[in-house]
Structure formats: C-alpha cells, structure tokens
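Scroll down for the structure; my scribbles are underneath it.
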Amino acid sequence: MGNIKEKIQALWRDQRSWKVRFPLAALCAFTCVFTFILFGPCEIYIQNMQDMTFSFHTLLPVLLLAGGTAFAALLTVLLLLRGRLFNYAVTLLFAVTLAGYLQGNLLNVNHGTLDGSSVAWSNYQWPMLKNLAVWLAILAAAFTLLYLSRKLWTRAVEFISLLLAAVQTVALVGLIFSANFSGLQDKYLSTAGMFDLSSNHNVVVFLLDRCDRSYLDSVLDQHPEWQEKLGGFVSYHDFTGSFSRTYASVAYLLTGVKDEDAFPFHIPQNDYLSRAWERSTLLPQIREAGYQVGLYSHIGDVVGNMDNLEGKIDNIGLEAVNINRKVMLKKMLELSAYRYLPEAVKPYFQLYTGDLDAVQSVGQKDLYQIDDPGFWERYQEQGLRKDADISGCFRFYHLQGAHFPFNMNELAQRVDTGWDPADRLAQVTGNMAMIFQYLDELQAQGLYDNTTVVITTDHAADYPDWPTPLSTLDGPRLLPLLVKPAHADLDQPLQISRKQICQDNLRASLAGWCGLDTRQYGRTIESVGEDEPMTRIFWMLLYDEALETRDAYMGTYEIHGDGNDFSNWELLEMTPLDSPGW
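Number 321 in numbering that gives the first Met the number 0 belongs to position 322 of the sequence shown; there are no gaps in the numbering.
Structure below.
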C-alpha cells in the first residue's frame, strides 16, 4: 500500500514552480489552439470562399473568441498539473498537434469534394490503418523522448511548437493579404415571386440536381399512374450535359460561356462565374422582353458574386443577412476536424458544403436555399398566384433532386438527412410528386396551356462507387429532359424523342420559348431532326486510378451520334488540373 502511495506522490512531485512550467505549457497550448481553431478554419475559408455564406470579418472575431477561450482552458488545466502528470499532458497535447499538422498538410487521402456525395469508407480501411500507425508512431516518439531525456524533450517541444506556430502565422498573413474578400456582401437570392406566375405566358424550369436519366426513368416506371399527367410532354432520351458537376453546369446552361479566356476549370471559380455572367445575354434579354425573371439556385456554384446578376433577374434580396455565429463556428470547426484528425475518425465529421447555408437567415425568411422539403412547405403555404399585369414569367427552380444528402421521402415530407443511396429514389419520387401537384394547380388556375414546363438536371451521376478505376468513363452520362410546350395537346400521350441534343440546344429553346430571336443562341431543340446525326462535347472531371492520389484531370469527350452507345464517346484529351475549381 505504501508503494502505491509513493508512486502516486511521485507522479505529482515537481521541483519546477508554475512560473517555470508556464512557458512550455503556454507555447504548447497556443500552438494547438492556433492550428485547429484559428489557422485551420481560416485557411479552409479563404481557399473555399465560393462556398461560404458569410464574410471573413464575421468569422474571424468568433474564431478569436473561441480560440482564446480554448487557450485559457487548456493552459489552466496544464498549470494545475504537476510533475509527471504535467509532462504526460504536455506530451500528449504536443504529439496530437504535430500529428494533426502533418495530417492536414501531408497525410490526408483525397476523398473527393464535400458536395454531399457518399464516401465508401469501407474502401479506405488500409489507408486508415496506415494513417493510424503514423499517429501512434508520433505519440510513441514523443513519449519515448520524454522517457530518455526530459531536457531534450523540453527543447524539442518548445522548438517544434514555436516552429509550427511561426510557419502557420506567416502562411495565414499571406493568405489574408492575397485573398479577395470583395465579393462578400449583403445580397442574396430571395424567394420573392417564387410562386407568382403570369396569366399570359410562363416558362417554368425544374432542375433536379444530379438526377441521372436512369433515376428518373426508374421513378416513372414505378408510378404508371403519372403517365396521364405527362400528356403533352416529350421525353428526350439522348440529351447530354456540358460538365459533370453543378459547377459549372448550371452557369453554363444559363450563360453558354466557355472559351479559352473563361473555361470553368482553367481559372478560379469566382473569376469564371463573373466572366460568364458578364457576357451572358439569355436572362437579360428575357427580362427585356417583359418577363419577370426568378432564379432560385445556389449562389456559390452558380452565381459567385451577387453583383454578377444585377439587372439580370428580379429576385435579388437586399435585406441585411443575419448570421448564426454558433452554427457558423460549429460548421467551421467540423471542417477543421475533418482536415486535421486521423482517417479513422473522419466519417464522423463529414460535412456537406450545402450545410453552410444554415448559417444564413434573413428577417423575412425569404432567403432561397436548396432545400426541397422547405421549397414544398413554402409552396403549400402560399400556392401559386397569377398576375394578369405581368406579361410573362421565367422561373428557374434549382432543387436538391438526386443529390446527397437525402432529406425528403416519397410524399415530399422532410425526413432525417441520410447518405444511403437507397434513399435517392425516394427523394426523386418526392420531387416528381410535388411537381405534378404544381402542374395540377397550373391547370386549376387556367395557367397550364400558356406555360412551358421543363424538367431536367444539371449533370448526371458524377462517378461510379469507388474503387472503380476512373481513367475513362465507364458508360454514357445522359440527362433527363421532359418538355411540355405551351399550347401542347394534352390528349397526346407522352412522346419519346431520340434527337441528339445537348444543353446548348436547350438554352436556345429557352430563348425561343420566351419569344427571343434564337439565331445568336444556335440551334434549338425543335430545329434538330429526329434522325439527324449530331456531334456534342462533354467535359468530365476524372481521376488517376491510384486511390491515394486521385489526381484531377479534365476529360474532354466528343460524342458522335447516339449518346446511348458509349462506343460513340471519344476521349479527346486528359488535361491535368492543379486546381479543379471545386
């Protein structure tokens, strides 16, 4: 019993006063807090400003307050400890900080962008084990050094902690001074006029994100009772997209800008969006033709700087945006944890960049966010409103569709957010259920005949589940496109067309449906012959087959003839991308 008591006392015995222990404890605590709570979130923010829904000057004070609080708490705990307990606590904190720094800068495996796509974590078991071994080795080395020489341990902890703090401080200062924060402002896409329609003429586009044609076909096959609701529609079964992700598919669909000076993945994302919207003519001309234009989409991936839309749409919100600082801090710390923590715990911190939308709100609750259950709840509260004084309305609804995460069931009701691909069809079924109810009300209010309805997507399935090699596509990527023109014969059952068309043709048809001269937009869907052979271009982000690297390439495909036949997809080139822009 006496030996146990003596050993416990030995753990606490320390000839160093708190003043001697203070510098080591303070330096170690500061480096830990600076790395995980200040530098990490700031760097993530600056490198991904296009996805952020709040300004840096709003984030920084919150991080400083949280960091200061965490530093004071850590330092207090360390100084309350003495002897070997103090040494063990400092060693553990130091080793975790060093391992986290190395993890965030050297050891991370590329799991893809945090765009809501599921990650097949079971395929990363071997990288997780190797990563865990590195963490254990760093911990073992730190404690071994303490055991061998406390003097050498003290110098190593002080020197490495100071070096990490200094390197990251210099990097942070450089990031802040080189960043362009000018695009952040109190403007937003509002829900104003979202369900207002003209008694004269309307063009309504429902864009279901990431909805591969096979997904929509499956839903419609499971609901034959919806066939009669598709009277007057044409379903195009050879419709190809432009890009393989939301950025830059939606912006390209609405602007048509892609050239050597403004190719989406050769310049920074915000630069492309600014150039694309600056050169765009579609929405401005639709508005000049007397249409009220409502774009209900995602700012970061589609718009960039809200000033890009000035004079082009009618639903720019100007009310001051409120920021939930508690949610903002939580989301940024989750992103930091995802970056710096070991592979084995990353699944618990996986975050969808769309979750950042929850940070924003406005007083009148009219901030548009891609939230399908929220969209439908608002519709059920308001319903459609027709206005005889509006000569025409153009409504572009960007919905979650088949994109992760899934938070809607078949009845368009909100459910707990999930990542299981099995829930995808339930969400798409909910989308179609609410679209058909929307169409029913169009008919009830006498608006259906004067309305052109488009149901489509921005891009098809991004890529197969890992670890399928992706040096080339494994099959065609086809998009759904269902169109009910104004004044269509509703007694005519759903027609299937195999016209070889793409988003360029859809853009031209959107212009034509709004009464514009289509010559500057190229060939419309209607102008393409049913059996006419066409050549189309498609760009897809591809990856090296080595799972650990997943180096990004831009694959340029030329589609000759029938897009359903993958042998007609010719890979022209694979362009390496240092910064894929997503």
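In this text, a Cβ means the ideal position worked out from N, Cα and C, and glycines have one as well.
If you're wondering where the values come from, they're calculated on a predicted model, not measured in any experiment.
Report all residues from its chain with a CB closer than 6 Å to the CB of Arg-286; omit the five preceding and five following residues, and keep chain order. Reading the sequence shown from its first residue, position 287 is the one you call residue 286. Only Val-292 meet the Cβ criterion.
Can you check which of these residues, Ala-72, Ala-139, Thr-68, is closest to Ala-94 by C-alpha distance? The residue given as residue 94 occupies position 95 in the sequence shown. For Ala-94, the nearest C-alpha among the options comes from Ala-139.
Classify Leu-541 as buried or exposed, calling it buried when 16 or more other Cβ atoms lie within 10 Å of its own Cβ. In the sequence shown, residue 541 corresponds to position 542, counting from 1. By the neighbour-count rule (16 or more Cβ atoms within 10 Å), Leu-541 is buried.
From Phe-393 to Ala-336, what does the alpha carbon distance come to, in whole angstroms? Here residue 393 refers to the residue found at position 394 when the sequence shown is read from its first residue. Here residue 336 refers to the residue found at position 337 when the sequence shown is read from its first residue. Each residue's alpha carbon lies about 42 Å from the other.
My understanding is that Gly-99 touches Tyr-339, with C-beta atoms under 8 Å, so please give their C-beta distance in whole angstroms. Translated into positions along the sequence shown, residue 99 becomes position 100. Translated into positions along the sequence shown, residue 339 becomes position 340. Correct: roughly 4 Å between the Cβ atoms.
For a test of the three-state rule: what should DSSP assign to Asp-386, helix, strand or coil? Sequence index remark: in the sequence shown, residue 386 carries index 387 (1-based). Asp-386 falls in the strand class under three-state DSSP.
With Ser-177 as the anchor, note down where its alpha helix (DSSP H) starts and where it stops. Here the question's residue 177 lines up with position 178 in the sequence shown. From DSSP, the alpha helix (DSSP H) with Ser-177 extends over 149-177.
Just the C-alpha distance for Gly-82 and Met-331, rounded to the nearest angstrom, thanks. In the sequence shown, the residue the question calls residue 82 occupies position 83. In the sequence shown, the residue the question calls residue 331 occupies position 332. Computed Cα separation, rounded: 36 Å.
Go through the segment 25-49 residue by residue and report every complete run of the alpha helix (DSSP H) that reaches 4 residues or more, in order. 39-46
Is Ser-248 buried or exposed, if buried means 16 or more other CB atoms sit within 10 Å of its CB? On the sequence shown, residue 248 is found 249 positions in, with the first residue counted as 1. Buried.
Could you have a look at Tyr-447 and say whether DSSP puts it in helix, strand or coil? Here residue 447 refers to the residue found at position 448 of the sequence shown. Correct three-state label for Tyr-447: coil.
At 4 residues or longer, what runs of the alpha helix (DSSP H) sit wholly inside the segment 245-281? 245-254, 268-278
Alpha-carbon spacing of Asn-314 relative to Tyr-295, whole angstroms: As a first step, residue 314 must be located in the sequence shown, where it is residue number 315. As a first step, residue 295 must be located in the sequence shown, where it is residue number 296. Each residue's alpha carbon lies about 8 Å from the other.
Use the C-beta contact count for Ser-566: other C-beta atoms within 10 angstroms, 16 or more gives buried, fewer gives exposed. Counting from one through the sequence shown, the residue named residue 566 turns up at place 567. Label assigned to Ser-566: exposed.
Going by beta-carbon coordinates alone, are Gly-417 and Asp-208 separated by less than 7 Å? As a first step, residue 417 must be located in the sequence shown, where it is residue number 418. As a first step, residue 208 must be located in the sequence shown, where it is residue number 209. Contact: no.
For Leu-294, three-class secondary structure by DSSP: Here the question's residue 294 lines up with position 295 in the sequence shown. If DSSP states are grouped into helix, strand and coil, Leu-294 belongs with the strands.
In angstroms with no decimal places, state the Cα-to-Cα distance between Phe-405 and Leu-478. Counting from one through the sequence shown, the residue named residue 405 turns up at place 406. Counting from one through the sequence shown, the residue named residue 478 turns up at place 479. When rounded, the distance between both Cα atoms is 20 Å.
Hey, would you say Thr-245 sits closer than 7 Å to Ser-160, going by beta carbons? Taking the first residue of the sequence shown as position 1, residue 245 is located at position 246. Taking the first residue of the sequence shown as position 1, residue 160 is located at position 161. No, these two residues do not count as a Cβ contact at 7 Å.
Report yes or no: do three or more beta-carbon pairs, one from the segment 362-376 and one from the segment 163-175, lie closer than 8 Å? no
Should Thr-68 go down as buried or exposed, given a rule of 16 or more other Cβ atoms within 10 Å for buried? Residue numbering aside, residue 68 sits at position 69 when the sequence shown is read from its first letter. So Thr-68 ends up on the exposed side.
Tell me the residue span of the alpha helix (DSSP H) that contains Ala-55. Locating residue 55 in the sequence shown gives position 56, where the first residue counts as 1. The residue you asked about is not Ala; residue 55 is Phe in the sequence shown. Residues 55-79.
For Val-32, count neighbouring C-beta atoms within 10 Å of its own C-beta (all shown protein chains included) and say buried if the count is 16 or more, exposed if not. The count along the sequence shown starts at 1 and reaches residue 32 at position 33. With 16 or more other Cβ atoms within 10 Å, it is buried.
May I have the straight-line CA-CA distance separating Leu-282 from Gly-391, to the nearest angstrom? Here residue 282 refers to the residue found at position 283 of the sequence shown. Here residue 391 refers to the residue found at position 392 of the sequence shown. Taking the straight line from one Cα to the other gives about 13 Å.
Expressed to the nearest angstrom, what Euclidean distance is found between the alpha-carbon atoms of Ser-204 and Thr-450? Within the sequence shown, the letter at position 205 stands for residue 204. Within the sequence shown, the letter at position 451 stands for residue 450. Per the sequence presented here, residue 204 reads as Val, with Ser not at that position. Rounded to whole angstroms, Val-204 to Thr-450 spans 10 Å at the Cα level.
Below 8 Å on the Cβ atoms is my guess for Arg-497 versus His-236; work out the distance and round it to an integer in Å. One-based indexing of the sequence shown puts residue 497 at position 498. One-based indexing of the sequence shown puts residue 236 at position 237. Going by Cβ atoms, the distance from Arg-497 to His-236 rounds to 5 Å, so yes, they are a contact pair.
Would DSSP call Leu-340 helix, strand or coil? For the purposes of this step, residue 340 is taken as the residue at position 341 of the sequence shown. Correct three-state label for Leu-340: coil.
Quick check: the Cα distance between Val-493 and Gly-231, rounded to an integer number of angstroms? Along the sequence shown, one-based indexing puts residue 493 at 494. Along the sequence shown, one-based indexing puts residue 231 at 232. What sits at residue 493 in the sequence shown is Leu, not Val. Going from the Cα of Leu-493 to the Cα of Gly-231 covers about 6 Å.
Give the secondary structure of Asn-314 by DSSP, where H, G and I count as helix, E and B as strand, and everything else as coil. In the sequence shown, residue 314 corresponds to position 315, counting from 1. Note: Asn-314 maps to coil in three-state DSSP.
Among His-297, Asp-448, Gln-349, which residue has its Cα nearest to the Cα of Leu-395? Position 396 of the sequence shown holds residue 395. The sequence given here has Phe at residue 395, not Leu. Residue His-297 holds the alpha-carbon nearest to the alpha-carbon of Phe-395 among His-297, Asp-448, Gln-349.
So, is Glu-531 buried or exposed, given that buried needs 16 or more other C-beta atoms within 10 angstroms? Taking the sequence shown and counting its residues from 1, the one referred to as residue 531 is at position 532. Of the other Cβ atoms in all chains shown, fewer than 16 fall within 10 Å of the Cβ of Glu-531; this residue is therefore exposed.
Report buried or exposed for Leu-63, applying the criterion of at least 16 other Cβ atoms within 10 angstroms of its Cβ. In the sequence shown, counting from the first residue as 1, residue 63 sits at position 64. In this structure Leu-63 is exposed. Its beta-carbon is surrounded by fewer than 16 other beta-carbon atoms within 10 angstroms.
Taking just the CA atoms, how far does Ile-495 sit from Ser-526? As a working note, residue 526 is residue 527 in the sequence shown. As a working note, residue 495 is residue 496 in the sequence shown. Straight-line Cα distance between these residues: approximately 16 Å.
Local conformation of Thr-555 per DSSP, three classes: Looking up residue 555 in the sequence shown gives position 556. Strand.
Selection from Asn-269, Lys-311, Leu-480 that minimises the alpha carbon distance to Gly-240: Start at 1 with the first residue of the sequence shown, and residue 240 comes out as number 241. Out of Asn-269, Lys-311, Leu-480, Leu-480 has the C-alpha closest to the C-alpha of Gly-240.
Would you mind sorting Phe-238 into buried or exposed? The rule is 16 or more other CB atoms within 10 Å of its CB. Residue mapping note: residue 238 aligns to position 239 of the sequence shown, counting from 1. Under this definition Phe-238 is a buried residue.
Between the CA atoms of Asp-260 and Ser-54 - distance to the nearest angstrom: For the purposes of this step, residue 54 is identified with residue 55 of the sequence shown, where counting begins at 1. For the purposes of this step, residue 260 is identified with residue 261 of the sequence shown, where counting begins at 1. Roughly 28 Å between the two C-alpha positions.
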